[in-house]
Amino acid sequence: MNIWKISIKNLFHKPLYTFLSILSLAISIGLLLGIKQLDASVKQQFDNSLGNIDLVIGAKGSPLQLVLASIMHIDNPTGNISYKEAKKIGKNPLIKTAVPISYGDNYKGYRIVGTTELFANFYEAELEEGKPIKKPMEVILGHTVAQQLGLKIGDTFLSSHGFKDNTMDVHTEPLTVVGIYKPTQKVIDRLIVTNLESIWDAHDHEAHEAGEAHEHHDDENKEVTSLLISFKSPMGLLTIPRQINEKTDFQAALPKYEIQRLFQFTGIGVKIVSWIAYIILVISCITIFISLFKMVKERAFDLALLRTYGASNFQLIKIVAYEGFTIGFLATILGILISQSGLIIVYNMIENQYKQNIVQNISYTDILETSLWVFIMIIVAISLSILPIIKMNISKILSNEK
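Every number in this note's numbering is 267 more than the matching position in the sequence shown, counting from 1.
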């Protein structure tokens, strides 16, 4: 007696019902794996993008917006601050590194950041090829930018005003590629880095062409978007943020704290989707139980007949078990495919809209954990559905059928 063949025939006896059982279970598995992996990947991306930055100082406004704009580069800045005052703050003996950044332009959607040579140290970024910036209008490309746009050393391009690619508001002075960073898997991979003078000169030239007063700028009236800081000791973290917020017109935001708060809010959504997935998983397993139970009841005569030909109770139970585990196995494979396909679509959307290159890593722990849940629920469904086999009265079933 070929138990496998009998089980497969039973599955195809009602193909639509079997397909719906597999599909509903696969969707719940796909949702569970997808939401867990997306949450973990985004958290990892944000943690990597923080680099070694302990504090961000910028214009008054939302501290979360300041962090997202100045570190993650996925939001608009809260405003500009005085470069002269920013440099004064940077001289505090508790501060190890203070790096000003200024931006407001892009090329093909990738942000152009004016800063100093110390900016790359936050991300431990090194040049893969080329040389450091020596004069205005020279740029170093993040690895992702160079790959996606096909730019190389010596190429020139015209930047656009704002953070979205446009052909209406284009600067006239070209930028020249002098270097490309090695890949870091951090935010600098998708940035175009130049010096502060490039940003100032581009906008000063724009103002001059518009007929506005064009004066020689010194530190009195220069502005930057924000100041990125790392401390020498935890003492700076305890004292300087409060001093900035209470005694100046600027605001100080703690990147790790703000990102943690952000994930507390998004974590509610993750939990809701996860619970929905678990509910669908339970419903799917109930559906599988009903399918197996109905099969046992509807085919009671066939099962009783198999007993008369020498089949044992255990062999009949194996028929039901094979059906249940086959459905569970196919649903798990399909669920993994659904989750990975869905994540590819989501990651592509994020990359196109925010230029965020999120690394997609398959979490085998999550797959194992979810598969274990499915296995346990399938065992429960099988255990309940085989009760009629255990209590089977062969003579009564055969006599009733006759």
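Using N, Cα and C, we set each Cβ at its ideal position, and we do this for glycine too. Bear in mind that the values here come from a model prediction, so they are computed numbers and not experimental data.
Taking 7 Å as the cut-off, the Cβ atoms of L425 and P441 count as close. Scanning the segment 368 to 423 from its first residue to its last, the whole beta strand (DSSP E) runs of 3-plus residues come out as 377 to 382, 394 to 397 and 405 to 408. Residue nearest to G357 within the set L290, I455 and S497 is S497 (criterion: CA-CA distance).
Look at I341 here: in three-state DSSP terms it is coil, with no helix or strand label.
Excluding the 5 residues flanking it on each side, D306 has same chain C-beta neighbours closer than 6 Å at V537, in chain order. Short of 8 Å from the beta carbon of Q518, and not among the five residues preceding or following it, lie these beta carbons of its own chain, in chain order: I324, G325, A326, K327, G328, P330, L333, T345, I511 and N512.
For the pair of segments examined, the segment 357 to 374 was found not to touch the segment 553 to 562: the number of CB pairs separated by less than 8 Å stays below three. Secondary structure at Y621: helix, using DSSP grouped into helix, strand and coil.
Taking the Cα positions, V491 is about 15 Å away from R378.
With contact defined as three or more Cβ pairs closer than 8 Å, the segment 523 to 538 and the segment 379 to 399 are not in contact. Excluding its 5 nearest sequence neighbours in each direction, K363 has C-beta neighbours in its own chain below 7 Å: S497, F498 and K499, listed in chain order. By the criterion of at least three beta-carbon pairs nearer than 8 Å, the segment 561 to 573 is not in contact with the segment 592 to 607. Counting along the chain, Y576 sits inside no alpha helix (DSSP H), nor does DSSP assign it H or E at all. At a Cβ-Cβ threshold of 7 Å, I584 and I656 count as neighbours. In this structure, L292 lies near S551, with their beta-carbon atoms less than 7 Å apart. Under the DSSP assignment, V445 falls in the beta strand (DSSP E) whose first and last residues are L442 to Y448. Contact between K453 and G591 is absent: CB atoms are separated by about 46 Å, not below the 8 Å threshold. In the same chain as E487, and ignoring 5 residues on each side of it, the C-beta atoms closer than 7 Å to its own belong to K351, in chain order. Between the beta-carbon of V549 and that of S652 there is about 16 Å, and that puts the pair past the 8 Å contact cut. Apart from the 5 residues on each side of it in sequence, I466 sits with its Cβ closer than 6 Å to the Cβ of S369 and G381 in its chain, given in chain order. The Cβ atoms of I296 and T599 sit closer than 7 Å to each other. Counting every other CB atom within 10 Å of its CB across the protein chains shown gives S493 a total of 16 or more, marking it as buried. Looking at the DSSP output, S497 bridges to T364.
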